[in-house]
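Shown next, in structure tokens, is the structure this report addresses.
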Amino acid sequence: MKILIQRVKKASVSVDSEIISSIETGLLVFMGVQPSDTIAEAEYLAEKVANLRLFPREEQEFDLSVIDAKASLLIVSQFTLYGSCEKGRRPDFANAARPEQAEPLYESFVKLLKAKNIAVETGKFGAHMVVSLENDGPATFTLEKNHL
């Protein structure tokens, strides 16, 4: 499982020209699933996202977690995180999980974070989405967990 995190001042997701989710200060989290992923990877990464110190406090640039900062999460499924551009001119998505496997893990990841009393918004799994964001920093991080 791979996630890309961007600290944002605001972010939103639109489907068919309609905003379906939006947050103010928080983290925009793009999540990709590979075929070998299980709930163990989702649990590990949910714990990391909730507790990483990515928000500033006074002179410390990275001192508060999303929980400490009372910030929000916008979680968007993104199979293209497992796209490979190594060969040819078209991305290969053989390393991305099929939707029937990826969607339950995505939903579990979302539920795990909501259970921590974090304000969580989501994109629409499998839809063509337009994501708008105002990156704060910019601060962008990647996390990956394979085969626990």
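Numbers 278 to 425, taken from this note's numbering, label the letters of the sequence shown in order.
Note that the Cβ used here is the ideal one computed from N, Cα and C, for glycine as well.
Which stretch, first to last residue, makes up the alpha helix (DSSP H) that contains residue i?
i: Q311; result: Careful: Q311 lies outside any alpha helix (DSSP H) and carries neither H nor E.
i: S385; result: P376 to K391
Got a sec? Which residues, its chain only, sit under 6 Å from residue i by beta carbon, not counting five neighbours each side?
i: E416; result: Checking the sequence, you will find Ala at residue 416 rather than Glu. So the list reads R284, once near-sequence residues are dropped.
i: A323; result: F386, L389 and L390
i: R334; result: D340 and L341
i: S361; result: D369
i: P312; result: A374
i: E338; result: none
Please confirm whether residue i and residue j have their CB atoms less than 8 Å apart.
i: I395; j: I344; result: yes
i: A348; j: L281; result: no
i: A288; j: L390; result: no
i: A373; j: Y383; result: no
i: V310; j: L350; result: no
i: V326; j: G400; result: no
i: F402; j: E380; result: yes
i: E363; j: I300; result: no
Where does the unbroken beta strand (DSSP E) through residue i begin, and where does it stop?
i: K286; result: K279 to V292
i: Q355; result: First-last for Q355: undefined, no H or E at that position.
i: R334; result: F332 to R334
i: V343; result: Premise fails: V343 is in no beta strand (DSSP E) and is neither H nor E.
i: E421; result: V407 to E421
i: E295; result: E295 to I300
i: A396; result: A396 to T399
Around the C-beta of residue i, are 16 or more other C-beta atoms found within 10 angstroms, so that it is buried, or is it exposed?
i: Q355; result: buried
i: K279; result: buried
i: D252; result: For the chain, the structure presents residues 278 to 425; residue 252 sits outside this window and is missing.
i: T298; result: The sequence as given places Ser at residue 298; Thr does not occur at that position. By the 10 Å Cβ count, S298 comes out buried.
i: T357; result: exposed
i: E336; result: exposed
Short of 8 Å in beta carbon distance, which residues of its chain neighbour residue i, apart from the five on each side in sequence? Order them along the chain.
i: E421; result: M278, K279 and I280
i: P404; result: Residue identity differs from the one stated: residue 404 is Ala in this sequence, not Pro. Cβ within range, chain order: V292.
i: A371; result: S361
For the ligand ATP, any of its heavy atoms closer than 7 Å to the Cβ of residue i?
i: V292; result: Looking at this structure, you won't find the ligand ATP or any other ligand, since it has none at all.
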